[in-house]
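What follows is a single structure, written as structure tokens, with notes after it.
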Amino acid sequence: MATTISIYIVEDHQLIVDAWVSLLKQIDDFEVVGNSDNSDDAIEGILNLRPDIVLMDINIKGGSGIDVAAVVNDKLPKTRVIGLSIHDDMAFVKRFFQNGARGYLSKNTTKEELEAAIRSVYDGDTYVCKEIKDKQFFNNLSGGDDSSQKELTAKEIEITTLIAQGLTSRQIADKLFVSRRTVDAHRHNILKKLNLANAALLSAYAKDKGYI
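Count along the sequence shown from 1, then add 104; that gives the number in this note's numbering.
Pasting the structure below:
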């Protein structure tokens, strides 16, 4: 009898969840055992159900999928996390893997690549989608260009996202357990790096990049 691969989905857009479930149900040995749209429910559900694979979005209600991935990696080392996001920034990819993820897929991925990634990660390998690998290859081939200097770090992206969500520097500091001075310094550096005049323009940038 073939082994069934149990899958848990963490995503806060129901239409996307429905699409993934529909795709995965078409594969005989895949079983979606649950899903959550926020960090607290995700951790509770994953710890209770102990799935083989977790498909984890970065931006979820109540926190970051990257942080949830770290908890899962710590508590359930046999459960393997695959990051799924619209982001193709290498900073996101690196941070996901640093926090225990075994795979990373763009939400533009095909059904075939989604299946391949799940099987590869289930078998103990790592997997990065073709879109990300192609981007990294061409970046390496060109030796980088001036635009790379404008790429934000993972921490800067996190703070940019929170600013775009309307949080004040004090609220961001409390959420990230850092000082307000640290947040203000990041805010200044982000605006300077992107050559933006204010938080309103930064919010527009964040929306354009898909951070929120």
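Glycine is no exception: its CB is placed at the ideal position from the N, C-alpha and C atoms.
Given residue i, which residues of its chain have a CB within under 7 Å of its CB, disregarding the five upstream and five downstream residues?
i	result
A303	I267
N212	E235
I131	E219
D144	G166
Enumerate in chain order the residues of its own chain whose CB-to-CB distance from residue i is below 6 Å, with the five nearest sequence positions on each side excluded.
i	result
K215	L127
E135	T108, S110
V125	V136
Starting from residue i, trace the beta strand (DSSP E) both ways and give me its first and last residue.
i	result
V114	109-114
V137	134-140
S210	207-210
Please report the residue range of the alpha helix (DSSP H) in which residue i lies.
i	result
Y226	215-226
N318	Because the chain in this structure spans residues 105 to 316, residue 318 falls outside the shown range and cannot be described.
Q275	273-280
L256	Run containing L256: none; DSSP gives neither H nor E here.
D122	118-129
Q202	194-202
From this set, the options, which residue's C-alpha is nearest residue i's C-alpha?
i	options	result
D171	K129, P155, I147, T183	I147
T257	F200, D144, A221	F200
L306	S140, Q269, E115	Q269
I190	D288, P181, I164, L280	I164
E115	G138, M194, F196	G138
At the 8 Å Cβ level, is residue i part of the contact set with chain B, yes or no?
i	result
A268	Protein chains in the displayed structure number just one, and chain B is not present.
Taking 8 Å as the limit between beta carbons, can you name the residues of its chain near residue i, skipping five residues before and five after?
i	result
N203	I170, D171, A173, A174, N177
I317	What the structure shows of the chain is the stretch from 105 to 316, and residue 317 is not part of that stretch, so it cannot be assessed.
Q118	D141
Does the beta-carbon of residue i have 16 or more other beta-carbons within 10 angstroms, so that it is buried, or is it exposed?
i	result
R274	exposed
T272	exposed
A310	buried
P155	buried
L151	exposed
**Item:** Whole runs of the beta strand (DSSP E) within the stretch 148-191, excluding any shorter than 3 residues
**Value:** 157-161, 184-189
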